[in-house]
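Read through the structure below, which is laid out as structure tokens, and then see the notes.
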Amino acid sequence: MNIALLRVSNLRCFESLDFAPGPGVNWLVGANGTGKTTLLEAAYLLSHGRSFRAGGRSAPARHGAPGFTIYAELQGRRRGVHRLGLTRREDRWQARMDGVDLVTLAPLFEACPVVCFGPESLSLILGPAEERRNFLDWSVFHVEHESLEIWRRWRRGLRQRNSLLRANAADSMFEPWEHDLAVLAERIHRMRGECLASLEPFLVEEASWLVPELGHVQVAYRPGWNEASGLAAELASQRRRDREHGYTQRGPHRADWMLHFSRISQREHLSRGQAKAIALVCALAQVRWLEKHTGEYPLLCLDDLSSELDEDHATKVVAWLTGKPLQSWLTATSRPRQGDSRAQMFHVEHVGLSQA
Ligand SMILES: Nc1ncnc2c1ncn2[C@@H]1O[C@H](COP(=O)(O)OP(=O)(O)OP(=O)(O)O)[C@@H](O)[C@H]1O
Ligand SMILES: [Mg+2]
């Protein structure tokens, strides 16, 4: 999937800007604060409905503007040509695809998969489990679209159980909800497990050339409850403790997965650079996994690669991109040394964008 045209209006520093990248490697070069990351953020918003920056869901509208709009023209090998529009105004999303208003953002996420790696990606390795669940669930969504509906039902059931806990309701009131929650949790667990199992060979392969110094990698996954007893039994046995806390402590909302490397005994021993390189392994594996499972590469955005990684790693990554039928957007504050005559170069300035 390529973005042939991206048009942003009132997004952060941009009042209005058109960006027409090429199908391969695109460099966005400019001084600090000119809006390079904002362009990557615009693409990410289309594919996730939130930003990768801190405060994810808060709207990054331009100061003084009531909201922002992102418009994109996509060219997919398998999915064909689509026009997407996403507007955020008064804390509400409005989405359009090919001239038709959408009820949910899901068709946008499906049509426009974007994988981003940047300073925030460190939290995928060193941050809370929620970051890793989001990574996994976004991948799951691209092969199991109904996962969004399953999650919606899970959240509804969870809210219901939490209010029963806080209201100190009778045990009999919990049973139907806990039964439904256990069924939904099993489906989420199965989808996540299958997704991680199919992702694992890609993680192993990308780690073997990007971080060979860390040794062999294995994926570990915790579903968020004791599989042997089953979630329904565990929710029942945990009820007294859950009443004390006022919320449900077991379930897929407490799941986690992580990568274990044979030469690193615990993740606290990773340097920040090593953790970043591992986050990049995850991003590249996800890109290849999506290509295999959806028939198309996503757009890959790499924000400020040279300040995130040492030169050796950064050079390897740029070489990895070259020659793949994959659109990538890379940002840098100065013209990159890694030469590829086919790469497109754009200068981002406070006044806008120009092609070199
Ligand atoms: N809501 C907003 N309204 C107006 N301007 C904003 C808003 N949010 C951020 N900005 C400005 O937008 C500009 C673009 O920020 P962005 O992070 O995209 O720059 P960048 O080119 O990636 O910089 P760096 O090289 O430092 O990473 C910055 O100058 C920032 O101050
Ligand atoms: Mg930036």
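Numbering-wise (this note's numbering), the sequence shown opens with residue 681 and increments by one. For each residue, glycine too, the CB sits at the ideal point set by N, CA and C.
In the structure shown, the three-state DSSP call for F789 is helix. Boundaries of the beta strand (DSSP E) harbouring A900: 897–902, taken from the DSSP string. Buried is the label assigned to W707, since at least 16 other Cβ atoms lie within 10 Å of its Cβ.
For V897, the closest alpha carbon among the candidates H859, I944, G931, F694 is that of I944. Not one heavy atom of ligand 1 is found less than 6 Å from the C-beta of C796.
L1010 sits away from V794, with the two beta carbons spaced by 7 Å or more. Selection P746, F789, E811, R757 evaluated against G765 yields F789 as nearest (Cα-Cα). Beta-bridge pairing by DSSP links S1008 to V705, L980. Take A862, set aside five residues on each side of it, and the residues of its chain with a beta-carbon closer than 6 Å to its own are L911, A912, in chain order. Given a length threshold of 3 residues, each whole run of the beta strand (DSSP E) inside the region 902–942 is given here in chain order: 936–941.
At the C-beta level, F882 and R968 come within 7 Å of one another. In this structure, R768 has its CB at a distance of at least 6 Å from all heavy atoms of ligand 1. Burial state of E858 is buried, judged by a 10 Å Cβ sphere holding 16 or more other Cβ atoms. Partner residues in the beta bridge of E753, as assigned by DSSP, are L685, R763. Around the beta carbon of K716, a 10 Å sphere encloses 16 or more other beta carbons of the protein chains shown; the residue is thus reported as buried.
In this structure, DSSP gives R835 a helical state, which the three-state scheme calls helix. Of the heavy atoms belonging to ligand 2, none sits nearer than 6 Å to the Cβ of K956. Beyond the five residues adjoining it in sequence on each side, E976 comes within less than 6 Å, by CB distance, of M681, G756, R757, R758 in the same chain, given in chain order. Counting of Cβ neighbours within 10 angstroms places D922 among the buried residues, the total reaching 16 or more. Closer than 6 Å to some heavy atom of ligand 1: that does not describe the Cβ of G1032.
Q946: not part of any beta strand (DSSP E); DSSP gives it neither H nor E. Proximity to P701 across A711, L726, Q966, L719 peaks at L719, based on C-alpha coordinates. Leaving aside the five residues that flank N842 on each side, the residues in its chain whose CB is nearer than 8 Å to its CB run, in chain order, G926, Y927, T928.
Note on geometry: alpha-carbon atoms of P892 and H993 lie some 11 Å from one another.
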